[in-house]
Ligand code: ADE
């Protein structure tokens, strides 16, 4: 997968691209990330990438020409690389479609992904015409699209085959099947009086699988009931949800607050 990031601040990406899973994926060539400095496509001595808004008002607006020319350069590079796939251009903006796991999976299937980071008070409206998709990472305004681009890249990369090790699977994690992940434990079996649930030490794989599924359902019910409404549930899931409801009715949950915190997590 090739990812082209168009930004005024390429230096912001060095940490994210140089470390951890993303860093290793890039090193191994599973993902190729090219940072394109929008300022390289300006034409004046001051490398001006923004200007005053027509009609007046506060703040500066990113000019369209450097962004269009940067996109042209990316398109030329893709064409000359022999790649048959057109770039898929995403604009990071708080006005975009809210980013989610489904979108991350979709974008992971694209071979030439272009992420355009807006900055300053916004960008000239004509920049929008370049984009196949506008993406927001949430209902808040950041100082620029760089951090959102990192968020998108990181979440997308996890779904690119070969990025996660063979022992790690994005499928079993929160959101992949529409549910939150249940509690996880590692050694020691007891820490400061908090014990790992007995069942996880039992070696009974079927029981463990069922327990994990139940914990995942329970956590989703407690924290994100909206996700549970949309999830595709199996007959076993429905059975487990009934068990959860009976246990709650039986007062099993005394000592935990609404978020499920307050008692030792996951020991029931
Ligand atoms: N640029 C500024 N804020 C943003 C957001 N929430 N999502 C995407 N791009 C942005």
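Residue numbers (the working numbering): 1357 to 1624. A virtual CB, placed ideally from N, CA and C, is assigned to each residue, including glycine.
Query	Result
For residue 1362 versus residue 1417, is the C-beta spacing smaller than 9 angstroms?	no
Quick one: is the Cβ of residue 1492 within less than 8 angstroms of any heavy atom of ligand 1?	yes
For the candidate residues 1531, 1402, 1369, whose alpha-carbon lies nearest to that of residue 1581?	1531
Starting from residue 1540, trace the alpha helix (DSSP H) in both directions and tell me its first and last residue.	Note, residue 1540: premise wrong, no alpha helix (DSSP H); not H, not E.
Just how far apart, CA to CA, sit residue 1487 and residue 1423?	11 angstroms
For residue 1424, does the three-state DSSP call read helix, strand or coil?	helix
Do you know offhand how far residue 1461's Cα is from residue 1399's?	38 angstroms
Going by other Cβ atoms of all chains shown within 10 Å of its Cβ, with 16 needed for buried, is residue 1406 buried or exposed?	buried
Excluding five sequence neighbours on each side, which residues of the same chain lie with their C-beta closer than 6 angstroms to the C-beta of residue 1471?	1361, 1446, 1505
Tell me whether residue 1366 sits in a helix, a strand or coil according to DSSP, three-state version.	helix
Between residue 1379 and residue 1372, what straight-line distance do the alpha-carbon atoms span, to the nearest angstrom?	7 angstroms
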